[in-house]
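Undergrad: Residues 0 to 197, numbered by numbering that gives the first Met the number 0, are exactly what the sequence shown covers, in order.
Glycine included, C-beta positions come from ideal geometry on N, C-alpha and C.
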Amino acid sequence: MCAVDGVRAAGSREGKYGLAVIESKDSAASAVFTSNKVVAAPIIHTKEMIKGGKISLVVVNSGNANCFTGQHGIDDCERTIEFASEITNIPSSEIATASTGVIGRKMPMDIILPLVEESISKLEHNAESSTDAAKSIMTTDTYHKEFAVETEIDGEKVRIGGITKGVGMIAPNMGTMLCFLATDAVISSEMINKALKS
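(1) Leu-198 bridges to which residues according to DSSP?
(2) With three or more C-beta pairs closer than 8 Å as the rule, is the segment 20 to 30 touching the segment 177 to 194?
(3) Going straight from the alpha carbon of Met-0 to that of Lys-196, what length do you get?
(4) How many Å lie between Gly-100 and Glu-155 at the Cα?
(5) Should Phe-82 be labelled buried (16 or more other beta-carbon atoms within 10 Å of its own) or exposed?
(6) Have a look at the DSSP bridge pairing and note the partners of Val-157.
(7) Quick check on DSSP: helix, strand or coil for Ser-128?
(8) If you follow the beta strand (DSSP E) that Ala-97 is part of, which residue opens it and which one closes it?
(9) Give me the residue from Ala-95, Gly-103, Phe-32, Ala-147 with the minimum Cα distance to Ile-54.
(10) Are the segment 113 to 121 and the segment 140 to 151 touching by the rule of at least three beta carbon pairs closer than 8 Å?
(11) Just how far apart, CA to CA, sit Val-157 and Ala-181?
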């Protein structure tokens, strides 16, 4: 992630729970989501907020998917966003969330919120921070996954960086995969969306 200028990342773990934060202020953004009719609270939130075309902070937790948790899960998602907003001064309307892990259990907010605070306090623009973020979103993955590439577009150097998690139960349609990408290419939200869906 941090191969791209303007991106900071961090990750923290406590036991089986992990939490990554990725910050990229004043950036165009887009997202694609599972086609499953059953969706977790973070998807409900992020599908709505991404309509604004801007994400400045992503908060990703592992160990609990916050799925099949009803209104309680939505409330926990909103509580996480508001907490992150208070610490960073980033408007809650620019904070996206994602969760991965066990379904049907309430979020352990007594663990998640301190991890949010710890990860935000460690936000940095370096390779180690990107690796920490990638490691913190692992569940049953056997190794962390991150990448960075540099290419040229019309004679200008462009970088793309990312972290992802995905495991054996990836079907259908990459349904359990989380992937976060950043680029310093000058590109609109609409074009990002088109590229992600092609």
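TA: Inspection of the coordinates gives the following:
(1) Outside the shown range of the chain (0 to 197) lies residue 198, about which nothing can therefore be said.
(2) A contact between stretches requires three or more CB pairs, one per stretch, nearer than 8 Å, and the segment 177 to 194 meets this requirement with the segment 20 to 30.
(3) For Met-0 and Lys-196, the distance between alpha carbons rounds to 21 Å.
(4) Cα atoms of Gly-100 and Glu-155: separation of roughly 40 Å, rounded to the nearest angstrom.
(5) With 16 or more other Cβ atoms inside 10 Å of its own Cβ, Phe-82 counts as buried.
(6) According to DSSP, Val-157 bridges with Thr-150.
(7) The three-state reading of DSSP puts Ser-128 in helix, counting H, G and I together.
(8) Start and end: 94 to 101.
(9) Nearest neighbour of Ile-54 by Cα position, chosen from Ala-95, Gly-103, Phe-32, Ala-147, turns out to be Ala-95.
(10) Result no; under three Cβ-Cβ pairs closer than 8 Å.
(11) About 11 Å.
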